[in-house]
Amino acid sequence: MKLDTLKYGFDRTTMPIDPLADYWSPNVSEDISRQDWAMTQVRSQVDLKAWQGFTSDLPRDPYVNQRWKRMGWLAIDDQDGVKALGPCPMAQGGAFNDAESMADRLRYYEPLQEAFLQRPDVRAFVRAWARLWAIRPNEPILFQINGVRGETALDPLQGQGIHADGCKALSIMVLTRENVTGGRNQLYADKAGTRRLADITLAPGDVLHLRDDRLFHSVDTITAEEPSASFERFIIIINSRFVDPFQNRILRRHFPDALLYNPGR
Numbered sequence: 006m007k008l009d010t011l012k013y014g015f016d017r018t019t020m021p022i023d024p025l026a027d028y029w030s031p032n033v034s035e036d037i038s039r040q041d042w043a044m045t046q047v048r049s050q051v052d053l054k055a056w057q058g059f060t061s062d063l064p065r066d067p068y069v070n071q072r073w074k075r076m077g078w079l080a081i082d083d084q085d086g087v088k089a090l091g092p093c094p095m096a097q098g099g100a101f102n103d104a105e106s107m108a109d110r111l112r113y114y115e116p117l118q119e120a121f122l123q124r125p126d127v128r129a130f131v132r133a134w135a136r137l138w139a140i141r142p143n144e145p146i147l148f149q150i151n152g153v154r155g156e157t158a159l160d161p162l163q164g165q166g167i168h169a170d171g172c173k174a175l176s177i178m179v180l181t182r183e184n185v186t187g188g189r190n191q192l193y194a195d196k197a198g199t200r201r202l203a204d205i206t207l208a209p210g211d212v213l214h215l216r217d218d219r220l221f222h223s224v225d226t227i228t229a230e231e232p233s234a235s236f237e238r239f240i241i242i243i244n245s246r247f248v249d250p251f252q253n254r255i256l257r258r259h260f261p262d263a264l265l266y267n268p269g270r
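Quick note on my numbering: the sequence shown kicks off at 6 and runs consecutively.
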């Protein structure tokens, strides 16, 4: 009864429903806790076709052949909103990234389009993701859109092989997968790849969450399903709580007030 709700000093029947409460299916948190990874999908939460449209004008990656990419640094503010932190290069130490073209280098990319960042479903996705991983206000979140196009077989990781990204919270969402054979996401318990935990083919709208500091991951070679046509595979990568000292030094330099991971705490 309505009178029962008033004993708490407010009317519960008129309280707004939390729009993020059911964003992820209940098994996602359970799977992450049990096995350090989970697979889910967000096709009912985002306008996937609209998101796919933002892959059309991605600039070429200046460090990697046959890859296109934009990225941005975001954070949750004190009002649970999403804010852009501004420019900062991506930095991965050689302990996390073995690729000669990327390891121990500062990499600069064009920013994410403002029209994309202002979309309500993009902002809801970032907020729900931060809540899933208990990311705190003002903790830097790296949001990337990248992918490959081509006609001949290629390594989408461009030499990274089995690796970790140098963070605690990492999720991968497939945006487009057209005329593709391969491109399977593989999870391992060790960097040598002797203990494979999962072999997953993500369709557009699928999301793979993983504890990057506990698992290693890779993607196998992509080839064209129909050899006479080109292929493409574009993804979103979102991660935070960096354990890579190199990246954290660069973050502190560009965002002096940001909340960074401190293993001593």
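Just so it is clear, CB atoms sit at the ideal spot from N, CA and C, and this is done for glycine as well.
By the 16-neighbour rule on beta-carbons within 10 angstroms, residue 135 is buried.
As summarised for the stretch 200-261, the continuous alpha helix (DSSP H) elements at least 4 residues long and confined to that stretch are 250-259, given in chain order.
Around the Cβ of residue 188, a 10 Å sphere holds 16 or more other Cβ atoms; the residue is buried. DSSP links residue 193 through a beta bridge to 201 and 221. Beta-bridge partners assigned by DSSP to residue 89: 79. Among the bridge pairs identified by DSSP, residue 182 is matched with 238. With respect to residue 175, residue 41 sits apart: the two C-beta atoms are not nearer than 8 Å. Only buried fits residue 252, as 16 or more other CB atoms lie within 10 angstroms of its CB. The stretch 43-52 makes contact with the stretch 204-211, as at least three CB pairs between them are under 8 Å.
DSSP, read as helix, strand or coil, puts residue 116 in strand.
For a cut-off of 8 Å, the C-beta gap from residue 172 to residue 87 is around 18 Å, too long to register as a contact. Rounded to the nearest whole angstrom, the CA to CA distance from residue 44 to residue 204 is 11 Å. Cβ-Cβ separation between residue 154 and residue 235: approximately 6 Å, consistent with a contact (criterion under 8 Å).
Within the same chain, 93 come within 6 Å of residue 259 by CB-CB distance, once the 5 residues on both sides are set aside. The beta carbon of residue 148 sits closer than 6 Å to those of 77, 79 and 243, all from its chain and outside the five residues before and after it, given in chain order. Under the DSSP assignment, residue 151 falls in the beta strand (DSSP E) whose first and last residues are 146-155. As DSSP reads the structure, residue 55 sits in no beta bridge. Secondary structure note for residue 43: its beta strand (DSSP E) is the uninterrupted segment 42-46.
Distance from the CA atom of residue 53 to the CA atom of residue 37, rounded to whole angstroms, is 24 Å.
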